[in-house]
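Report on the following structure.
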Amino acid sequence: TLEPCCHHGRTPPCTEAILAAGISRVFYACSDPDPRVAGGGHKTLAAGGCEVFRGPMTQAARDLNQAYFKHKTTGLPHLTLKMAATLDGKAATSAGQSQWITGPQARRQVHLMRSRTQILMVGVGTVLADDPGLTARLEGDWHRCDALIVDSSARTPPQARALQRDDGTACFIACTQSADPGRVAALQQAGAQIITVPEQGGRLDLSELMHMLGSRDVMSVLCEGGPTLAAGLLAETLVDEAVFFIAPKLLGDGISAVADFGLRDLGSALSLSAVETRRFGPDMMVRGRICSPD
339 TLEPCCHHGR
349 TPPCTEAILA
359 AGISRVFYAC
369 SDPDPRVAGG
379 GHKTLAAGGC
389 EVFRGPMTQA
399 ARDLNQAYFK
409 HKTTGLPHLT
419 LKMAATLDGK
429 AATSAGQSQW
439 ITGPQARRQV
449 HLMRSRTQIL
459 MVGVGTVLAD
469 DPGLTARLEG
479 DWHRCDALIV
489 DSSARTPPQA
499 RALQRDDGTA
509 CFIACTQSAD
519 PGRVAALQQA
529 GAQIITVPEQ
539 GGRLDLSELM
549 HMLGSRDVMS
559 VLCEGGPTLA
569 AGLLAETLVD
579 EAVFFIAPKL
589 LGDGISAVAD
599 FGLRDLGSAL
609 SLSAVETRRF
619 GPDMMVRGRI
629 CSPD
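Under the working numbering, think of the first position of the sequence shown as 339, with each following residue one higher.
Shown next, in the form of structure tokens:
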């Protein structure tokens, strides 16, 4: 799917292995944006006597590797916002009950999404309300994602389930310098890895957090809310893709899936492109890329 590499990294160059194997024709779907490659793999193979072809299925390969392309071209991770909501847009009852909005088929798909990401991110409100484990719970040898809790004031309880990890993954907690040092120390003692993020307007700077993750070679983040964190990410135009699971239920006076993020007219509404819909039991998944109004 990607142009063969021509540089030494964690492994030797793919181009060397291809030429050494005597392969005479190479087809790849799209060029590698990594500046260490960027057409160099194609040239190296051609110089070694291979017939080299770029394409077909270039766009499909870019879609498959979208997190890699985002990170290599911007230094930022690809951020997917996943939410579960009722038909009337509620993520929980007015009393805060949210388990479970969707059925088991949809929830299994969410765990599959978790297994395909590097970081699973939630806000501290979700931790305090639901005490989630923040793991990919699938049978078999699946990838296990790390967890990230956005928690400006270090309010996460040291006994939180997200910190009780026995699968070799990490739980990061992003807080600001104004967080209570005692609470931060207690979280570190409980196994959390603390990321100290600057403040912007009295809140944790989400844009800076994404840059910090990118600098740590994090290419993909799956955010599962809640409403306040989702709104903050949308307001900062940090979301690349939205995945909403809509349950055929009505709650009325419940908690909205996404909190207010400053839009006051329909002309400013965010829309989705490349929209995909799919049924999971009684629930409907709507997935697409976030587009700005212009």
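The beta carbon of each residue, even a glycine, is placed where N, CA and C say it ideally should be. Since we're looking at a predicted model, the values are computed, not measured.
Can you tell which of the options has its C-alpha closest to the C-alpha of residue i?
i           : options            : result
residue 369 : 399, 347, 498, 359 : 399
residue 409 : 566, 354, 553, 588 : 553
residue 416 : 474, 575, 559, 547 : 559
residue 625 : 578, 573, 459      : 578
residue 619 : 385, 447, 406, 433 : 447
residue 468 : 374, 402, 506, 487 : 487
residue 590 : 605, 457, 430      : 430
residue 520 : 494, 506, 536, 537 : 494
Taking the beta strand (DSSP E) that residue i falls in, what are its first and last residues?
i           : result
residue 585 : 579-585
residue 531 : 531-534
residue 398 : Looking at the DSSP string, residue 398 is not in any beta strand (DSSP E); the run it does join, the alpha helix (DSSP H), is 396-402.
residue 621 : 621-629
residue 364 : 363-366
What does the alpha-carbon distance come out to for the pair residue i and residue j?
i           : j           : result
residue 350 : residue 367 : 21 Å
residue 524 : residue 496 : 6 Å
residue 563 : residue 342 : 37 Å
residue 513 : residue 459 : 13 Å
residue 454 : residue 621 : 21 Å
residue 616 : residue 623 : 5 Å
residue 576 : residue 473 : 23 Å
residue 601 : residue 610 : 16 Å
Where does residue i sit, in a helix, a strand or coil, going by DSSP?
i           : result
residue 416 : strand
residue 528 : coil
residue 491 : coil
residue 390 : strand
residue 453 : helix
residue 612 : strand
residue 352 : helix
residue 559 : strand
residue 446 : helix
residue 546 : helix
residue 460 : strand
Check the Cβ-Cβ distances between residue i and every residue of chain B, and say whether any is below 8 Å.
i           : result
residue 536 : The structure shown contains no chain B; it holds only a single protein chain.
For the alpha helix (DSSP H) containing residue i, list its first residue and its last residue.
i           : result
residue 430 : From DSSP, residue 430 is part of no alpha helix (DSSP H) but of the beta strand (DSSP E) over 428-430.
residue 425 : Neither: residue 425 is in no alpha helix (DSSP H) and is coded neither H nor E.
residue 512 : Taken as a continuous stretch (DSSP letters only), residue 512 belongs to no alpha helix (DSSP H), being part of the beta strand (DSSP E) at 509-513.
The region 437-445 touching the region 391-398, judged by at least three CB pairs closer than 8 Å: no
Pairs of beta-carbons, one from the region 587-599 and one from the region 567-577, closer than 8 Å: are there three or more? yes
At least 3 beta-carbon pairs within less than 8 Å: the region 576-586 vs the region 418-429: Touching, per the Cβ criterion.
Does the structure place the region 524-534 close enough to the region 483-501 that three or more beta carbon pairs sit under 8 Å? Yes: the two stretches touch, three or more of their Cβ pairs being nearer than 8 Å.
Stretch pair the region 530-549 + the region 464-472: three plus CB contacts closer than 8 Å: no
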